[in-house]
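Worksheet: the structure to be examined is printed underneath.
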Amino acid sequence: MKNQIHIIGGGISGLAAASFACSKKFKLSEKYKINLHEGSRHLGGRCRSYLDKDLNLVVDNGNHLILSSNISFLELCKIIESENSLAYYGTNYQFFDFKSKSFWNLDLEKFKLPFGFFKKKNRVPHTKIIDYFSFLRLLFVKKSDTVGQVVSKKNSLFSSFWEPFTVGVLNTRCVDASAFLLKKVLLETFFKGPNFSGIIQPKDSWDKTLISPARDFLMKKNVNLNFNDALKKIVIKDNLINELIFKEKKKKIYPDDLVVLAIPPSNVKRFLPFLSLPEEYNPIVNIHFKFNTKKLNLKHKVIGMLNSISQWVFIKNGYFSITISAANDLLFEQKEKMVSAIWEEISILFSLKKQCLPEFKIIIEKKATYNQTPKNHKLTKNINYIPKNLRIIGDWTQFNFPSTIESSILSAKKLCQQLI
Numbered sequence: 001m002k003n004q005i006h007i008i009g010g011g012i013s014g015l016a017a018a019s020f021a022c023s024k025k026f027k028l029s030e031k032y033k034i035n036l037h038e039g040s041r042h043l044g045g046r047c048r049s050y051l052d053k054d055l056n057l058v059v060d061n062g063n064h065l066i067l068s069s070n071i072s073f074l075e076l077c078k079i080i081e082s083e084n085s086l087a088y089y090g091t092n093y094q095f096f097d098f099k100s101k102s103f104w105n106l107d108l109e110k111f112k113l114p115f116g117f118f119k120k121k122n123r124v125p126h127t128k129i130i131d132y133f134s135f136l137r138l139l140f141v142k143k144s145d146t147v148g149q150v151v152s153k154k155n156s157l158f159s160s161f162w163e164p165f166t167v168g169v170l171n172t173r174c175v176d177a178s179a180f181l182l183k184k185v186l187l188e189t190f191f192k193g194p195n196f197s198g199i200i201q202p203k204d205s206w207d208k209t210l211i212s213p214a215r216d217f218l219m220k221k222n223v224n225l226n227f228n229d230a231l232k233k234i235v236i237k238d239n240l241i242n243e244l245i246f247k248e249k250k251k252k253i254y255p256d257d258l259v260v261l262a263i264p265p266s267n268v269k270r271f272l273p274f275l276s277l278p279e280e281y282n283p284i285v286n287i288h289f290k291f292n293t294k295k296l297n298l299k300h301k302v303i304g305m306l307n308s309i310s311q312w313v314f315i316k317n318g319y320f321s322i323t324i325s326a327a328n329d330l331l332f333e334q335k336e337k338m339v340s341a342i343w344e345e346i347s348i349l350f351s352l353k354k355q356c357l358p359e360f361k362i363i364i365e366k367k368a369t370y371n372q373t374p375k376n377h378k379l380t381k382n383i384n385y386i387p388k389n390l391r392i393i394g395d396w397t398q399f400n401f402p403s404t405i406e407s408s409i410l411s412a413k414k415l416c417q418q419l420i
């Protein structure tokens, strides 16, 4: 009889762990029976798609900016055979400054660090050469530094690059965000060159790129998929998990079995209260506006917004999707007022004259990521001294990387590498 692996959580890290385990590279499914337990009725967690009955559209519940440096993401897509569902948008990033009502582009083919900014035409508008030495300063940060301590607000790049880049990547404001984490992102992307900084998005939806292909792959591999199967308690004895208590059943766990928690730190804390983990979180607000986007024939499908409420605009099939990260203040805003203000920004962005407010849907992820400060980042290392037959994975567990889809998948891949 095979030993068992019980993966708790059907989000991206849980799906990735099961998929890597069943892949030709790791072949762990030959040694273990793989079980995936999801507390809800759907897979994907914070990265899924659904039919919104109000909009009569299939929409993504959130947006995720994938870069060509995200090799673990691309490897997973290859395993689950969803590579053809990806769209590559290149390295020319478009921004719209709401204050000046003007567009500008950051072409990473020309803006190559560390010397690309010496030519004025390659720089962000209204910046000087001296502003770009902030990139070099970031290479020598301490783990206790915040981005706000390293890059001054007086730097012309602060509002046009550092603030949107930091908030977009870390879901944390510059004044609080870990400069060390941001440095790691820069080293993996911009400093490696344009081949590692291209934008990748699903052609259709996150369901067709990740969730359905992963589910179909796991079903072919005879993985035991359990829905509405919420874990209620973990029984630990002699530093080993010996029982999992679910909503409607109990599972005996033997010493050579393995339990994998693929859940956020707030949920981990429920089962392992002795761990000191981050308890501060930042929300992400997404607003979908139903609109016939095809008639605009837009070249850029992802646009960064400056000096506005909107931060990123994703042009999707049948709707505009606006993302606002580190959106703590917006949680207290009157929703109708907020939506009207954002639609006004979109109308100006795309020159939509005399357009009434269309049908919309607000999706708020209150605990999208932990607040990625130096203090909280240090706490993510505190997952030692756990039962011998337990592992913890997830975007927040990768100590040297921010909480992203890539980190979720990387944590799953590392788990499988350890088990070979």
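In this note's numbering, the protein residues as written are 1 to 420.
Note that beta-carbon positions come from the ideal geometry of N, C-alpha and C, so glycine has one too.
Nearest-angstrom Cα separation, counted from residue j out to residue i
| i | j | result |
| --- | --- | --- |
| K252 | F26 | 26 Å |
| A177 | S310 | 20 Å |
| K301 | I241 | 47 Å |
| L86 | L244 | 38 Å |
| V58 | Q149 | 42 Å |
| E333 | F20 | 42 Å |
| F165 | F95 | 12 Å |
| E421 | N155 | This structure gives no information on residue 421, because the portion of the chain shown stretches from 1 to 420. |
| F158 | N307 | 12 Å |
| I34 | E188 | 33 Å |
| M305 | R270 | 38 Å |
| N228 | S49 | 18 Å |
| L170 | M1 | 44 Å |
| E345 | K143 | 37 Å |
| V141 | V151 | 11 Å |
| N400 | F118 | 30 Å |
| Y88 | E406 | 16 Å |
| K233 | F274 | 14 Å |
| I303 | V313 | 5 Å |
Beta-carbon proximity list for residue i, same chain, < 7 Å, skipping 5 on both sides
| i | result |
| --- | --- |
| L296 | F350 |
| I393 | S13, A17, V260, A262, S411, A412, L415 |
| W343 | F289, L357 |
| D52 | V59, K361 |
| L76 | A16, S19, I409 |
| T397 | T380, I383, S411 |
| K335 | I362 |
| F73 | I66, I405, E406, I409 |
| P402 | V169, L170, L181, V185, Q372 |
Outcome for residue i when other beta-carbon atoms lying within 10 angstroms are tallied against a minimum of 16
| i | result |
| --- | --- |
| H126 | exposed |
| L277 | buried |
| Y132 | buried |
| K153 | exposed |
| E248 | exposed |
| Q418 | exposed |
| N376 | buried |
| N371 | buried |
| I420 | exposed |
| K337 | exposed |
| K183 | buried |
| I129 | exposed |
Spatial neighbours of residue i in its chain, beta-carbon cut-off 6 Å, leaving aside the 5 residues before and after
| i | result |
| --- | --- |
| Y93 | L106 |
| T209 | S82, S85, P202 |
| V167 | S325, A326 |
| S347 | Q355 |
| I422 | Here the chain has residues from 1 to 420 only, and residue 422 is not among them. |
| T91 | L108, E109, P194, S197, G198 |
| C387 | One detail in the question is off: residue 387 reads as Pro in this sequence, not Cys. For P387, where only same-chain residues beyond five positions count, the Cβ hits under 6 Å are I236, N239, L240, I241. |
| I5 | Y32, I34, L258 |
Any C-beta of chain C under 8 Å from that of residue i
| i | result |
| --- | --- |
| L379 | Of the protein chains in the structure, only one exists, and it is not chain C. |
Helix, strand or coil at residue i according to DSSP, with G and I counted as helix
| i | result |
| --- | --- |
| R137 | helix |
| H377 | helix |
| L298 | coil |
| G304 | strand |
| E38 | coil |
| T209 | helix |
| V147 | helix |
| N92 | strand |
| E365 | strand |
| F227 | coil |
| N400 | coil |
| K220 | helix |
| E279 | coil |
Contact test: residue i Cβ vs the ligand FMN heavy atom, cutoff 7 Å
| i | result |
| --- | --- |
| N242 | This structure lacks the ligand FMN; in fact it carries no ligand of any kind. |
Three or more C-beta pairs below 8 Å linking the segment 283-294 and the segment 59-66: With a cut-off of 8 Å, the segment 59-66 and the segment 283-294 count as touching, because enough Cβ pairs lie within range.
Cβ pair count under 8 Å reaching 3, the segment 320-340 against the segment 69-79: Touching, no.
Inter-stretch contact (C-beta, 8 Å, three-pair minimum) for the segment 36-49 and the segment 381-388: Short answer: they don't touch.
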